[in-house]
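A.B. asks:
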Amino acid sequence: MSDAFDIWHAWRSHSVLTFNGQFDTNIDTGEDYHSIELGALLGLTPTSNPKAHAPAFIPSIYNAFDARNHAVQRAQGQFVALTGDIDKGNVPLGGVVATTRELFGSEPAIFIYSTGSATAKDKRWRVIVPIVGPVPFARWNEAQEAFFDFMDTNGIPMDRALLRAAQPVYLPNVPLERRDEDGNPLFYESYTDGDEGVPL
789 MSDAFDIWHA WRSHSVLTFN GQFDTNIDTG EDYHSIELGA LLGLTPTSNP
839 KAHAPAFIPS IYNAFDARNH AVQRAQGQFV ALTGDIDKGN VPLGGVVATT
889 RELFGSEPAI FIYSTGSATA KDKRWRVIVP IVGPVPFARW NEAQEAFFDF
939 MDTNGIPMDR ALLRAAQPVY LPNVPLERRD EDGNPLFYES YTDGDEGVPL
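In our numbering, the protein residues as written are 789 to 988.
1. Please return the same chain residues whose Cβ sits closer than 6 Å to the Cβ of residue 808, not counting the five positions on each side in sequence.
2. Taking 8 Å as the cut-off, does the segment 804-819 touch the segment 926-939 (at least 3 CB pairs, one atom from each stretch)?
3. How many Å lie between residue 960 and residue 825 at the Cα?
4. Please list the terminal residues of the continuous alpha helix (DSSP H) segment that includes residue 895.
5. With a threshold of 8 Å, establish whether the CB of residue 973 neighbours any heavy atom of the ligand ADP.
6. Less than 8 Å between the CB atoms is what I'm expecting for residue 852 and residue 820, so what's the real figure, rounded?
7. Is it a yes or a no for the segment 960-974 touching the segment 904-920, going by three-plus beta-carbon pairs under 8 Å?
8. Please classify residue 818 as buried or exposed, where buried requires at least 16 other C-beta atoms within 10 Å of its C-beta.
9. Across which residues does DSSP place residue 870 in a beta bridge pair?
10. Please report the straight-line C-alpha distance between residue 946 and residue 873, rounded to a whole angstrom.
11. Rounded to whole angstroms, what is the Cα-Cα separation between residue 974 and residue 899?
12. I'd like the list of long-range same chain contacts for residue 849, defined as Cβ closer than 7 Å, with 5 residues on each side in sequence excluded.
13. Residue 890: buried (16+ other C-beta within 10 angstroms of its C-beta) or exposed?
14. So, with DSSP's three-state summary, where would you put residue 817?
15. How is residue 812 classed by DSSP in three states: helix, strand or coil?
16. Between the Cα of residue 830 and those of 847, 837, 858, 839, spot the shortest distance and give me the residue it belongs to.
17. First and last residue of the beta strand (DSSP E) that includes residue 845?
18. Cβ of residue 744 within 9 Å of Cβ of residue 858?
19. Residue range of the beta strand (DSSP E) that residue 968 falls in?
20. By the three-class DSSP mapping on this structure, what secondary structure does residue 857 have?
21. Counting C-beta neighbours from all protein chains within 10 Å, is the total for residue 871 16 or more, i.e. buried, or is it exposed?
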């Protein structure tokens, strides 16, 4: 395996902190958060947790007990993915794919998936785009804003809450009330392709 391959594909081994829902915190226990390799997140199938307990992550390798604090992540965080949240516009999956590919090119890894509240008539999406290696908050935040500006300019409105350092990025999840009697999602679509990280 060449050094060049290692550089462009090392993103898979970077671990990000994960938790379950808005109120899952370790601030009182002092324990580190569970971490998972970024490569394991791409292509996940949706869980069926209640919305309040849906799995989420922060795209930073800093996972100490205070890692869900915005000020702490701004100071200590090292970020390994760009992320997006598209809650308006009812944009079809093909449109999100085409626009992200226009920005990032054909080689970078991209994972796009519908949110737990999405329906066939009201499509909503999350986007994960790994970057080559960890970067501090200021550089990551600058890249996030450029990503959002490009998408907005091309008619895909982005939720700017994900500019915040410790904002949860919810992973694929379709609660039971949005599944049929056999447990299948009433609506879920996703796209996963590419191998490389994005250079920043």
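Each residue gets a CB set at the ideal place from its N, CA and C atoms; glycine is no exception.
Note that this is a predicted model, so its numbers are computed, not measured.
C.D. replies: Concretely, from the data shown:
1. For the purposes of this step, residue 808 is taken as the residue at position 20 of the sequence shown. Hits under 6 Å: 841, 843.
2. no
3. Here residue 960 corresponds to residue number 172 of the sequence shown, with the count starting at 1. Here residue 825 corresponds to residue number 37 of the sequence shown, with the count starting at 1. Computed Cα separation, rounded: 16 Å.
4. Position 107 of the sequence shown holds residue 895. Counting along the chain, residue 895 falls outside any alpha helix (DSSP H), and DSSP gives it neither H nor E.
5. In the structure on display, the ligand ADP does not appear, and there are no ligands present to speak of.
6. By 1-based counting over the sequence shown, the position of residue 852 is 64. By 1-based counting over the sequence shown, the position of residue 820 is 32. Sure, about 6 Å apart at Cβ, within 8 Å.
7. yes
8. Locating residue 818 in the sequence shown gives position 30, counting from the first residue. Exposed is the call here.
9. In the sequence shown, residue 870 corresponds to position 82, counting from 1. Paired residue(s): 917.
10. Locating residue 946 in the sequence shown gives position 158, where the first residue counts as 1. Locating residue 873 in the sequence shown gives position 85, where the first residue counts as 1. Going by the C-alpha atoms only, they are around 6 Å apart.
11. Walking along the sequence shown from the start, residue 974 turns up at place 186. Walking along the sequence shown from the start, residue 899 turns up at place 111. So the two alpha carbons sit approximately 20 Å from each other.
12. In the sequence shown, counting from the first residue as 1, residue 849 sits at position 61. Cβ within range, chain order: 802, 803, 804, 866, 868, 922.
13. Position 102 of the sequence shown holds residue 890. With fewer than 16 other Cβ atoms within 10 Å, it is exposed.
14. As a working note, residue 817 is residue 29 in the sequence shown. Looking at residue 817 - three-state DSSP - the assignment turns out to be coil, as it is neither helix nor strand.
15. Looking up residue 812 in the sequence shown gives position 24. Of the three classes helix, strand and coil, the one that applies to residue 812 here is coil, per DSSP.
16. The residue labelled residue 830 in the question sits at position 42 within the sequence shown. Ranking 847, 837, 858, 839 by Cα distance to residue 830 puts 847 first.
17. Reading the sequence shown from its first residue, position 57 is the one you call residue 845. Segment 843-846, the beta strand (DSSP E) holding residue 845.
18. Residue coverage of the chain in this structure runs from 789 to 988, which leaves residue 744 outside it and unanswerable.
19. Here residue 968 is taken as the residue at index 180 of the sequence shown, counted from 1. No beta strand (DSSP E) contains residue 968, which DSSP labels as neither H nor E.
20. Position 69 of the sequence shown, counted from the first residue, corresponds to residue 857. The answer is coil: DSSP assigns residue 857 none of H, G, I, E or B.
21. For the purposes of this step, residue 871 is identified with residue 83 of the sequence shown, where counting begins at 1. The residue is buried, with at least 16 neighbouring Cβ atoms inside 10 Å.
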